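Asks: For reference, the structure I am asking about is given below.
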Amino acid sequence: MSTGWVFHELYLWHDTGTYAGVFQAGLTIEPGEHAENPATKRRFRNLLEVSGLLGQLTAIKPEPLSEADIALFHTGEHIERIKTLSAERGGDAGELTPFGQGSFEIALLAAGGTYAAIDAVLKGKVRNAYALVRPPGHHAERDKGRGFCIFGNVAVAIMKARKTHKLGRVATVDWDVHHGNGTQQAFYADSTTLTISIHQDRLFPVDSGMVEENGEGAGEGYNLNIPMPPGSGVGAYIAAFERVVVPALKRFKPELIVVPSGFDAGGTDPLGRMMIHSGGYRELTRMLMEVADDICGGRLVLSHEGGYSATNVPYCGLAVMEQLAGSRTAVEDPWLKIMERWGWQDLQPHQEGAIDKAALALSRIK
Ligand SMILES: [Zn+2]
């Protein structure tokens, strides 16, 4: 069975405006691009094409979700506000989330892209799938956009899939360097969705993603955070997957695994301080595929989130896609040899301490 691929040109047309990284440009710094601009996404897709891998993937066409679909998670006020601003000149969706004209429709198409990937996997059209969508989604909260995210693509898509498919347990494994606060909020009181986030400790949002946040009410025990110290490398991530993520998935036994996939834990990312290289992302993908094969027929969907290094994201993305598709191209990542030799790539004692703390919550998953 093949690997699905979701993309739409409009994802690159979502306009985050003139900025200086994440700050408004003005008289204190020269105006430039917003950190969340199309370049990394375009270059990821283009490397797939040039490598020849794109031709081996099964293209899945995204359709926009409806406002009613978005309302499965978000408030009507939030949806209406984005729609109104988008029809005018754009605005800010909440916190650090600038957008231009037409971004409402593009955001519906982004959520629709994530849903289309899930739908194709659940229907057995493809074994696994990657949705290269934009704007990203995992920071968007019920009533507001946050951290470059307008609507919670993964949260909304899972909620819609629950309605359209006989879908029971779902697990999310968010490997973006930032906390998946929006996805956590969406399912915090829900025992049928296990939400896991591994991220740099108190990076963004600074007030969430703590190891103690384990869910509430019926969802008590079904949210796992693995906040890692800055500087964590491939050894730390693999250990966290071996000791927390994989055991959690094996206890929970989901029917589908969805990965909010950010490449901003990459070693040259301007917004993160971790050291993962393309080989690391390849290995984490392999581990998730192995556990998905064990427990849910290999059903694995990745939906794009962050990743801001224009020269590293394409290689990390290609490595993940090669692993998903079971096919190696001739492309070699020049960063890999360098980053593999960086100091502190191995698991360090203080990182092990953070992983051990997160593992304490495993026994609450039934
Ligand atoms: Zn991120």
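Residue numbering for the sequence shown follows the numbering used here, beginning at 311 and increasing consecutively. Glycine residues also receive a C-beta, built at the ideal position from the N, C-alpha and C atoms. Everything numeric in this text was worked out from a predicted model, so none of it was measured.
Once the 5 residues before and after Gln366 are set aside, which same chain residues still bring their CB inside 7 Å of it?
Replies: Here the set comprises Ala635 and Ser637.
Asks: Would you mind stating whether Gln661 and Ser542 have Cβ atoms separated by less than 8 Å?
Replies: A contact, by the Cβ cut-off of 8 Å.
Asks: Taking Asn524 as part of the alpha helix (DSSP H), name the residues at either end of that continuous run.
Replies: Taken as a continuous stretch (DSSP letters only), Asn524 belongs to no alpha helix (DSSP H), as it is neither H nor E.
Asks: By how many angstroms is the C-alpha of Ser376 removed from the C-alpha of Ala620?
Replies: For Ala620 and Ser376, the distance between alpha carbons rounds to 32 Å.
Asks: Straight-line CA distance for Ala345 to Glu398?
Replies: Taking the straight line joining both Cα atoms gives about 23 Å.
Asks: Examine ligand 1 and report whether any of its heavy atoms sits within less than 7 Å of the Cβ of His324.
Replies: No, the beta carbon of His324 sits no closer than 7 Å to any heavy atom of ligand 1.
Asks: Roughly how many whole angstroms lie between the Cα atoms of Pro374 and Ala465?
Replies: Rounded to the nearest angstrom, the two C-alpha atoms are 15 Å apart.
Asks: Quick check: what's the CA-CA separation for Ala640 versus Ser673?
Replies: Roughly 44 Å separates the two Cα atoms.
Asks: Note the first and the last residue of the continuous alpha helix (DSSP H) segment covering Pro659.
Replies: From DSSP, the alpha helix (DSSP H) with Pro659 extends over Pro659 to Ala669.
Asks: Just tell me which of Arg456, Ala369, Arg444 and Ser361 has its CA closest to the CA of Gly404.
Replies: When only C-alpha atoms are compared, the closest one is Arg456.
Asks: Which stretch, first to last residue, makes up the alpha helix (DSSP H) that contains Pro624?
Replies: That run of the alpha helix (DSSP H) goes Val623 to Ala635.
Asks: In chain order, which beta strand (DSSP E) runs of at least 3 residues are fully inside the region 347-409?
Replies: You should have 368-370.
Asks: Could you check how far apart the C-beta atoms of Gly627 and Phe354 are, in whole angstroms? I think they sit under 8 Å.
Replies: Confirmed, about 4 Å.
Asks: Quick test of your reading: Thr502 and Gly478, contact by CB under 8 Å. State the CB separation rounded to the nearest angstrom.
Replies: Right, their Cβ atoms sit about 6 Å apart.
Asks: For Cys459, which residues does DSSP report across the bridge?
Replies: Beta-bridge pairing links Cys459 to Arg456.
Asks: Closer than 8 Å is the cut-off here; do at least three beta carbon pairs connect the region 595-612 with the region 556-566?
Replies: Counting Cβ pairs under 8 Å, three or more are found: they touch.
Asks: With a cut-off of 8 Å, does the C-beta of Gly577 fall near any C-beta of chain B?
Replies: Here there is only one protein chain, and chain B is not present.
Asks: For Gln334, which of helix, strand or coil comes out of DSSP?
Replies: It is a strand residue.
Asks: Tell me whether Glu615 counts as near ligand 1, meaning its Cβ is closer than 7 Å to at least one heavy atom of that ligand.
Replies: Because some heavy atom of ligand 1 lies under 7 Å away, the Cβ of Glu615 counts as near it: yes.
Asks: Considering only C-alpha positions, which residue in the set Ala499, His475, Gly577 and Phe461 is nearest to Ser413?
Replies: Among Ala499, His475, Gly577 and Phe461, the Cα nearest to that of Ser413 is on Phe461.
Asks: Check for me: the beta strand (DSSP E) holding Gly590 runs from which residue to which?
Replies: That residue, Gly590, is in no beta strand (DSSP E); its alpha helix (DSSP H) goes Ser588 to Cys606.
Asks: Which value, in whole angstroms, describes the spacing of the CA atoms of Gly577 and Thr424?
Replies: One C-alpha to the other measures close to 26 Å.
Asks: Quick one: using the 10 Å Cβ neighbour count with 16 as the cut-off for buried, is Arg444 buried or exposed?
Replies: Buried, by the Cβ-count rule.
Asks: Please report the distance separating the alpha-carbon of His318 from that of Asp511.
Replies: Each residue's Cα considered, the two are about 33 Å apart.
Asks: Assuming Val436 and Ile567 make a contact with CB atoms under 8 Å, what is their CB distance in whole Å?
Replies: The Cβ separation is near 14 Å, so there is no contact.
Asks: What does DSSP give as the partner residues of Thr326 in its beta bridges?
Replies: Paired residues: none, contrary to the question.
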